[in-house]
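Participant: Here's a structure for you.
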Amino acid sequence: MKPTILVVEDEVIIGMDIKNSLKRLGYNVPAVIATGEKALEKAEKIQPDLILMDIMLKGSLDGVEVAEKIRTDLQLPVVFLTAHTDPTTLERAKATQPFGYIVKPFQEKDLHTTVEIALARCRAETEIRKALEKEKELNELKSRFVSMVSHEFRTPMSTILFSSDLLRIYMNQWSEEKKLTHIQRIKTAIQRMTEMLNDILLIGKAEAGKIEFNPRKINLNNLCRQLVEDIQVADQNNHEIDLDIESEFTEAILDEKLLHHILINLLSNAVKYSPNNTSVSLKIAAQENYLIFEIKDSGIGIPEADRQRLFETFHRAKNVGAIPGTGLGLAIVKRSVDFHNGTIEVQSEVGQGTTFTVKLPSQI
Ligand SMILES: Nc1ncnc2c1ncn2[C@@H]1O[C@H](COP(=O)(O)OP(=O)(O)OP(=O)(O)O)[C@@H](O)[C@H]1O
Ligand SMILES: [Mg+2]
């Protein structure tokens with residue numbers, strides 16, 4: 001695509017001359033603007049690749065002032081085009097970090113060289129900016145990871161330390177039952193840490209593109225019943241979990257492992273983010289060539305501001321309070337849904353509840 005250059009020049013004849021030269025040189029020149037105020041407006045609107053700016057302009061702003069605003073507000077590159085070479089103007093122009101300075105009168109080849117160098121420099125700077133942004137993103141991810149690990153591993157680790165210390169101290173005084181309670185606490189804490197490590201490894205594998213997709217015929221009925229049972233045991237029956245599968249669709253061609261990740265994470269979230277003694281439901285229905293999984297709870301809900309970022313790794317909503325979590329579950333769910341070429345949607349009302357709807361093609 002031809003680079004777009006905006007010309008700011010108040011002498012009509014010179015302006016047209018520059019426009020014609022630029023066009024001959026293969027650039028796109030959408031307008032020649034005569035005042036600083038209009039130049040700002042137009043630059044913001046069309047976001048040109050480069051602005052050629054005369055310094056002496058009619059109106060209240062001169063070219064240097066406009067260039068300064070363009071640099072700070074719009075971050076667009078400016079090349080000055082002027083008959084002024086006095087030290088004061090030069091100093092003022094320099095302070096706006098221009099991409100070039102052409103002294104009038106100039107020849108077409110000087111204009112060409114200056115414009116090409118300015119465009120190349122601008123492209124290079126854009127690349128550097130992108131690389132820096134990427135690095136910043138990675139750094140943020142790293143620090144979110146470190147803070148998640150240190151935060152989420154601390155609780156189970158202190159449970160293990162605490163319970164094992166008590167067991168050592170009261171070994172001879174405590175009843176068998178009391179000892180078993182603490183042994184169970186240690187086991188649960190280790191299980192939680194293992195789950196977190198498995199999730200971290202899984203997401204790492206997904207990021208590295210090392211997850212396999214193996215769709216085959218599965219029995220939805222058996223898989224879902226087993227899953228609901230597992231969740232109920234882990235939840236110590238604090239919630240009722242209703243399972244409703246349209247009976248004729250008990251067999252489907254899906255990746256069993258990935259479907260397991262999808263349902264276990266959505267169901268355990270539904271249970272985790274709802275008060276005890278409320279109910280959670282998993283409904284499976286067929287619609288044309290799709291299977292629809294609907295996981296519904298009457299829990300804390302998800303604030304609107306957090307809904308867009310739910311599937312990002314480590315993102316947790318503001319209203320989780322002390323409920324533990326790594327923010328990895330939904331990232332795993334999203335990747336598993338994507339493998340199936342499916343979709344996932346969320347409807348939620350804070351304080352009322354949440355419904356996740358997953359749509360997976362039934363014929364892969
Ligand atoms: N059913 C739900 N009700 C309310 N909030 C939810 C629900 N499901 C997910 N969330 C919000 O989305 C966030 C991300 O969920 P995700 O499953 O990825 O992480 P997590 O539950 O915090 O941790 P874990 O990795 O242990 O699953 C949660 O922290 C929570 O804020
Ligand atoms: Mg979760």
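Residues 1 to 364 in the working numbering are what the sequence shown spells out, letter by letter.
C-beta: ideal position from N, C-alpha, C; glycine also.
Everything numeric in this text was worked out from a predicted model, so none of it was measured.
(1) I need the straight-line Cα distance from S163 to Q287, nearest angstrom please.
(2) Excluding sequence positions up to five away, which residues of its chain have a Cβ less than 7 Å from the Cβ of I262?
(3) Per DSSP, V7 forms a beta bridge with which residues?
(4) Starting from A270, follow the alpha helix (DSSP H) in both directions and report where the run begins and ends.
(5) Excluding the five sequence neighbours on either side, which residues of its own chain have a C-beta within less than 6 Å of the C-beta of Q352, listed in chain order?
(6) Got a sec: does ligand 1 put a non-hydrogen atom nearer than 6 Å to the Cβ of I160?
(7) Just the Cα atoms here: how many angstroms apart are D297 and V280?
(8) What does the shell around ligand 2 hold, if a residue joins when its beta-carbon is under 5 Å from any heavy atom?
(9) To which residues of the same chain is P156 closer than 6 Å at the C-beta, ignoring the five residues directly before and after it?
(10) Please list, in chain order, all residues of the same chain as D62 whose beta carbon is under 8 Å from its beta carbon, the five residues on each side excluded.
(11) Measuring straight from C-alpha to C-alpha, what distance separates P324 and M196?
(12) Assess contact between the segment 261-277 and the segment 225-233, defined as three or more Cβ pairs (one per stretch) separated by less than 8 Å. Is contact present?
(13) Exposed or buried, G342, counting other C-beta atoms within 10 Å across all chains shown (16 or more means buried)?
(14) Where does the unbroken beta strand (DSSP E) through P87 begin, and where does it stop?
(15) Consult DSSP for P98 and reduce its assignment to one of helix, strand or coil.
(16) Could you check what DSSP says for S279 in three-state terms: helix, strand or coil?
(17) Which same chain residues end up closer than 7 Å to N319 when comparing Cβ atoms and leaving out the 5 residues on each side of it in sequence?
(18) Can you check the segment 145-177 for any beta strand (DSSP E) of at least 3 residues that lies completely inside it and give the ranges in chain order?
(19) Nearest by alpha-carbon distance to F293: which of A317, T250 and A93 is it?
Facilitator: Here's the rundown:
(1) Residue mapping note: residue 163 aligns to position 163 of the sequence shown, counting from 1. Residue mapping note: residue 287 aligns to position 287 of the sequence shown, counting from 1. Computed Cα separation, rounded: 51 Å.
(2) Position 262 of the sequence shown, counting from 1, holds the residue named residue 262. Only V333, S336, V337 and V358 meet the Cβ criterion.
(3) Locating residue 7 in the sequence shown gives position 7, where the first residue counts as 1. Answer is V32 and L52, bridged to V7.
(4) Numbered from 1 along the sequence shown, position 270 holds the residue referred to as residue 270. Per DSSP, A270 belongs to the alpha helix (DSSP H) from E256 to K272.
(5) Taking the sequence shown and counting its residues from 1, the one referred to as residue 352 is at position 352. G301.
(6) Working through the sequence shown from its first residue, we reach residue 160 at position 160. False, no ligand heavy atom lies under 6 Å from that Cβ.
(7) As a working note, residue 297 is residue 297 in the sequence shown. As a working note, residue 280 is residue 280 in the sequence shown. So the alpha carbons of these two residues sit roughly 5 Å apart.
(8) N269 and G329
(9) Stepping through the sequence shown from its first residue, residue 156 is reached at position 156. Only A189, R192 and M193 meet the Cβ criterion.
(10) Working through the sequence shown from its first residue, we reach residue 62 at position 62. G36, I55 and M56, listed in sequence order.
(11) Reading the sequence shown from its first residue, position 324 is the one you call residue 324. Reading the sequence shown from its first residue, position 196 is the one you call residue 196. Their backbone Cα atoms lie some 11 Å apart in a straight line.
(12) yes
(13) Here residue 342 refers to the residue found at position 342 when the sequence shown is read from its first residue. Buried, since its Cβ has 16 or more Cβ neighbours within 10 Å.
(14) Walking along the sequence shown from the start, residue 87 turns up at place 87. Per DSSP, P87 belongs to no beta strand (DSSP E); it is in the alpha helix (DSSP H), P87 to K94.
(15) If you number the sequence shown from 1, residue 98 lands on position 98. In this structure, P98 counts as coil in the three-state DSSP scheme.
(16) For the purposes of this step, residue 279 is taken as the residue at position 279 of the sequence shown. Correct three-state label for S279: strand.
(17) For this step, residue 319 is matched to residue 319 along the sequence shown. Around N319: I300, P303 and V350.
(18) none
(19) For the purposes of this step, residue 293 is taken as the residue at position 293 of the sequence shown. When each option's Cα is compared against that of F293, the closest is T250.
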